[in-house]
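According to our numbering, the sequence shown is numbered sequentially starting from 2. Each residue gets a CB set at the ideal place from its N, CA and C atoms; glycine is no exception. This structure is a prediction, so every number in the text was calculated from the model and none was measured. I have placed the structure first, in the form of C-alpha cells, so that the comments after it can refer back to it.
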Amino acid sequence: MSDSSPAPVPPVVLDVWCDLQCPDCHTALTDLHALRARYGDRLEVRLRHFPLEKNRHAFAAAQAAEEAYAQGQGRPYVEAVLGRTADLGRKGEPLLVEVAGELGLDAEEFDTALIDGRHILTVDADQAEGKAIGVTGTPTYVIGGERLDGGKSQDGLRERVEEIADRLLAGQD
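Right under this line is the structure:
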C-alpha cells in the first residue's frame, strides 16, 4: 500500500539579521508578528545575530539569546530583550540575566554561559556570514536570496518581504 499524500512543502525561510540592543530591531517585531500571522508555518523566521560595534552589550545579548534557545525560550527572550533596549544600554549584562529570571529560565545558567562563552562561536559564525553577504546594519532581512536592508529605513520592507514570500510560495504549488 502506498501513501498518496503529497510530500510536505518546506517553509520559505526569512533570515532576520538582528542586534538585540538596536531600537530598530525592536520596531521590526511588529512586522515579524504580522508576517507570522499571515503565513503561519509556511514562513520560517530565523534570528541571525549581527551585533553592531556601537552597541556595547549587543554581543553578550546575542550569546544570552542562544542560551535562551538552548533552554527552549529563545523567541520570548529575544522579544523581551528587544523591548528593553534602552535598559540594556544602561544596565548591561545584569539585565540579560534578570530577563532570563523573569521568564522562568535558569538565570544562573545564563550568568555561567556569559562567563564561559559557550555560545560565542554561534554568534561569531552568524556575524561572519552576515558580513560575507553584505549585511551592514540591522535589521536586515534575507528571503529567497534577496537582501533587504532595514538599517537605514524600514519603510516598505514588510510589503517587499510579502511580495517575495508570495512569489516563492506560489512557485511551490
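Three or more pairs of CB atoms, one per stretch, sit closer than 8 Å, so the region 21-28 contacts the region 77-84. Closest by C-alpha distance to ASP42, out of VAL13, THR86 and ALA59, is VAL13.
Cβ-Cβ separation between LEU36 and ARG159: approximately 7 Å, consistent with a contact (criterion under 8 Å). By the C-beta density criterion, LEU89 is buried, having at least 16 other C-beta atoms within 10 angstroms.
If you compare the alpha carbons of HIS50, ALA65 and ILE144 with that of VAL124, the shortest gap goes to HIS50. Each residue's CA atom was taken as its position, placing GLU103 and GLU163 some 34 Å apart.
The shortest C-alpha to C-alpha distance from PRO140 to any of GLU130, PRO11, CYS23 and PRO9 is the one to CYS23. For THR137, the secondary structure class from DSSP, reduced to helix, strand or coil, is coil. Selection CYS19, ALA38 and GLY75 evaluated against GLU130 yields CYS19 as nearest (Cα-Cα).
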